[in-house]
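Peer 1: Last residue of the sequence shown: 258 in this note's numbering, with the numbers rising by one and none dropped.
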Amino acid sequence: MTDKTWRRGQKADYTDRPLTAEERVFAEEHHDYLYQFMRWNHLPVEEWYDELVIPYLNAVKKYCSREELHIYPFHVVAEKVLSRAVYGKHRADHAQRRMPEGGFVSLDYELEGDNPFSGHPLDAYWIDKTKNVEAYVIEKEFLRDLFANVSKYAEPELLEMVLAMRILGYTDRDIARRAKLELDDYREWTLAEIKELIRLLTLRRTGNCAMARLVNDTKYFGNIDEYNRRRDLLDM
């Protein structure tokens, strides 16, 4: 097996280099997929081609340079890369419209997965610089604990996406669109079905929904894994 020379959260070494001769041929042979992706996701070519051509070429370099990805067809890797590029563009446009007075600071979180192309950074929260240092630290630690705990509750991938995007001000329809685009479990669902699941996960009138239990447990325990480790040490 080929040794891995990368780690999650690290900038890939292929992003800043030109295509090799082999990669240029590969990119030309699969170029139609870029148009298919835009057509399937209702993205106007005249608006999106320039936004997506660099991510497409990076997907080519990623696929060609990492042998462990060859168990997947190229379009699987390309779809992940292009989907993140689409979401990143939407997120940047949205954040620019909602920038608070005084600017903001980004906290980066790493979404990790079991397959070799699922890890990618997520700007999970914008903290207003006008807040005092104590409030900043408390919010930062609470959010880290929330994201550390989210895997313990129902529909964890969708719940994590809901948490991150609602904090940024996105609607449930925006979240449903991204879930359908990026989360394999919901790719065959309709937007209405995903929105209904989001509603059930976040019902405000009941304290028993997944989101309410996540928030309440985090308020009480902090990071649940760390809490359990401390409790186990005390019981020894």
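Here a beta-carbon is modelled for each residue, glycine too, at the ideal position from N, C-alpha and C.
Predicted model only: the values in this text are computed from it and were never measured.
1) Quick one: is asparagine 230 buried, meaning 16 or more other Cβ sit within 10 Å of its Cβ, or exposed?
2) Look at the alpha carbon of glutamate 44 and the alpha carbon of valine 108, and state the distance between them as a whole number of angstroms.
3) Which value, in whole angstroms, describes the spacing of the CA atoms of arginine 235 and glutamate 182?
4) Could you compute how far the alpha carbon of leucine 205 sits from the alpha carbon of leucine 74?
5) Is it a yes or a no for the segment 217-225 touching the segment 169-188, going by three-plus beta-carbon pairs under 8 Å?
6) Give me, in chain order, the residues of the same chain whose beta-carbon lies closer than 6 Å to that of leucine 180; leave out the 5 immediate sequence neighbours on both sides.
7) Quick check on glutamate 177: does DSSP put it in helix, strand or coil?
8) Indicate whether alanine 100 and tyrosine 55 have their beta-carbon atoms separated by less than 7 Å.
9) So which of Val98, Leu79 and Asn171 has the shortest CA-CA distance to threonine 240?
10) Would you mind working out which of Met60, His97 and Leu219 sits nearest glutamate 51, comparing C-alpha positions?
11) Helix, strand or coil: how does DSSP classify tryptophan 70 here?
12) What number of angstroms, rounded off, separates the C-alpha of glutamate 215 from the C-alpha of proline 95?
13) State the start and end residues of the unbroken alpha helix (DSSP H) segment that holds valine 47.
14) By Cβ distance below 6 Å, which residues in the same chain neighbour glycine 244 in space, the five residues on each side in sequence not counted?
15) For arginine 199, which of Ser87, Pro40 and Ser105 has the nearest alpha-carbon?
Peer 2: Reading it off the structure:
1) Looking at its Cβ environment, which holds fewer than 16 other Cβ atoms inside 10 Å, asparagine 230 is exposed.
2) Per the coordinates, the alpha-carbon of glutamate 44 lies some 27 Å from the alpha-carbon of valine 108.
3) CA-to-CA, the gap between arginine 235 and glutamate 182 works out to about 13 Å.
4) Leucine 205 and leucine 74 have their C-alpha atoms roughly 20 Å apart.
5) Two segments are said to touch when three or more pairs of C-beta atoms, one from each, lie closer than 8 Å; by this definition the segment 217-225 touches the segment 169-188.
6) Answer for leucine 180: Ala201, listed in chain order.
7) DSSP places glutamate 177 in coil when its eight states are reduced to three.
8) It is a contact, given that the beta carbons lie within the stated cut-off.
9) Considering only alpha carbons, the answer is Asn171.
10) For glutamate 51, the closest C-alpha among the options Met60, His97 and Leu219 is that of His97.
11) Tryptophan 70: helix per DSSP, three-state reduction.
12) It is roughly 29 Å from the alpha-carbon of glutamate 215 to the alpha-carbon of proline 95.
13) Element bounds for valine 47: 43-51.
14) Asp167.
15) Distances from the CA of arginine 199 to each of Ser87, Pro40 and Ser105 were compared; the closest alpha carbon is that of Ser105.
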